[in-house]
Ligand code: SF4
């Protein structure tokens, strides 16, 4: 009788030993882990006192980091700031600053701007984009300032938002930077940063403004916007959040920041 055939057992594959991480890989891993967003729910379940303290700490760091933060539009009086702010919609401040010297030299007051030929204003501000609407707003606001306020730019939020082309954002820029009245400006940078840092979930600028007024001391409202704009341009950009080199990372829940964002940021370090 022949013996039953015994099948040879397949050899177990042994895993190759893992290579030890290099120093730079360890550094990258550590940075990525630190940059990982925490669950949003965990971030939001905190007391108001905790949030106020957190804001205080973030503000303190930003004031140190961006000690030069201020309005980046060039102006010498409230009327010039009004015009420059209208022009800055969907345009960089640097571009506006290139256009305004000639515009202000030719039309320095609400009176001269109101009497200008619309086509001429359009030509002068064309490079800022949306120039037809912007020209209409500038001239419309100038006319209203002449008719209703005797040539003086009004100083209250309620009056400012009645001017053509002036919304809360522009009005707050005027209040904070021309009239020394605290004004919390919410532009795209400020809105994005307020959400990522977990102080608001709103996307509507007016709602963000009201919510942030409850966290930021009144005397810091104007500066707060400048600080966040600086940080939004330098580190917490719309495309990528460079959390691994952010000075407020330990106080930030990084709401909505994905690992992909932070990893992508690593490529650029
Ligand atoms: S860069 Fe990251 S850590 Fe810094 S504020 Fe933005 S989301 Fe927060």
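In this note's numbering, the protein residues as written are 6 to 274.
Idealized CB from N, CA, C, for every residue including glycine.
Extract the residue ranges of the beta strand (DSSP E) inside the stretch 116-183, only unbroken runs of 3 or more that lie entirely within it. none
Decide if the stretch 193-201 is in contact with the stretch 56-69; the criterion is three or more beta carbon pairs, one per stretch, under 8 Å apart. Counting C-beta pairs closer than 8 Å gives fewer than three between the stretch 193-201 and the stretch 56-69, which falls short of the contact rule.
Which residue's Cα is closest to the Cα of residue 143: 233, 218, 164, 114? By one-based count along the chain shown, residue 143 stands at place 138. Per the Cα distances, 114.
Between which two residues does the alpha helix (DSSP H) harbouring residue 107 extend? Within the chain shown, residue 107 is the residue found at index 102, counting from 1. DSSP places residue 107 in the uninterrupted alpha helix (DSSP H) bounded by 98-111.
Would you kindly check if the distance between the Cβ of residue 207 and the Cβ of residue 67 is under 8 Å? The residue labelled residue 67 in the question sits at position 62 within the chain shown. The residue labelled residue 207 in the question sits at position 202 within the chain shown. No, the pair does not count as a contact, with Cβ atoms beyond the cut-off.
If you pair each beta-carbon of the stretch 127-135 with each one of the stretch 157-170, do three or more pairs fall below 8 Å? no
Go to residue 66, then tell me how far its alpha helix (DSSP H) extends in each direction, as first and last residue. Your numbering for residue 66 matches position 61 in the chain shown. That run of the alpha helix (DSSP H) goes 53-70.
Answer with buried or exposed for residue 46, where buried requires no fewer than 16 other C-beta atoms within 10 angstroms of its C-beta. As a first step, residue 46 must be located in the chain shown, where it is residue number 41. Here residue 46 scores only 41 on pLDDT, less than 50, and its place in the model should not be relied on; the value that follows carries that caveat. By the neighbour-count rule (16 or more Cβ atoms within 10 Å), residue 46 is not buried but exposed.
Report yes if the C-beta distance between residue 160 and residue 119 is below 8 Å; otherwise report no. Indexing the chain shown from 1 puts residue 160 at position 155. Indexing the chain shown from 1 puts residue 119 at position 114. No; because the gap between Cβ atoms is not below 8 Å, this pair is not in contact.
Measuring CA to CA, which of 246, 253, 250, 88 is closest to residue 261? One-based indexing of the chain shown puts residue 261 at position 256. Taking only the C-alpha atoms, the option nearest residue 261 is 246.
Sort 62, 258, 158, 94 by Cα distance to residue 84 and report the nearest one. In the chain shown, the residue the question calls residue 84 occupies position 79. Looking at the Cα atoms, 158 is the closest of the given residues.
Host alpha helix (DSSP H) of residue 230 (start-end): In the chain shown, residue 230 corresponds to position 225, counting from 1. Where residue 230 is concerned, the enclosing alpha helix (DSSP H) stretches over 226-239.
Can you tell me whether residue 254 is helix, strand or coil according to DSSP? Taking the first residue of the chain shown as 1, we reach residue 254 at position 249. Helix, per DSSP.
Stretch pair the stretch 167-186 + the stretch 85-103: three plus CB contacts closer than 8 Å: Yes, the stretch 167-186 touches the stretch 85-103.
I'd like to confirm the pairing. Which residues does DSSP put opposite residue 246 in its beta bridges? Taking the chain shown and counting its residues from 1, the one referred to as residue 246 is at position 241. Partner(s): 241.
How is the alpha helix (DSSP H) around residue 199 delimited, first residue to last? To locate residue 199, count along the chain shown from 1; it is residue 194. Looking at the DSSP string, the run of the alpha helix (DSSP H) that includes residue 199 is 193-201.
Along the chain, where does the alpha helix (DSSP H) that runs through residue 216 open and close? By 1-based counting over the chain shown, the position of residue 216 is 211. Segment 210-218, the alpha helix (DSSP H) holding residue 216.
Within 10 Å of its beta-carbon, does residue 205 have 16 or more other beta-carbons around it, so buried, or fewer, so exposed? Taking the first residue of the chain shown as position 1, residue 205 is located at position 200. Within a 10 Å sphere around the beta-carbon of residue 205 sit 16 or more other beta-carbons, which makes this residue buried.
Within 7 Å: the Cβ of residue 247 and any heavy atom of the ligand SF4? The sequence position of residue 247 within the chain shown is 242, counting from 1. Indeed, a heavy atom of the ligand SF4 lies less than 7 Å from the Cβ.
For residue 233, tell me which candidate among 249, 211, 201 has the shortest Cα-Cα distance. Here residue 233 is taken as the residue at index 228 of the chain shown, counted from 1. Of the listed residues, the one whose Cα sits closest to residue 233 is 201.
How big is the Cα-Cα spacing for residue 203 and residue 231? Counted from its first residue, the chain shown places residue 203 at position 198. Counted from its first residue, the chain shown places residue 231 at position 226. C-alpha separation (whole angstroms): 19 Å.
If I measure Cβ to Cβ from residue 71 and keep anything under 6 Å in the same chain, skipping five residues before and after, which residues do I get? Position 66 of the chain shown, counting from 1, holds the residue named residue 71. Taking residue 71 as the centre and dropping the five residues before and after it, the same chain places the C-beta of 232, 235 closer than 6 Å to its C-beta, in chain order.
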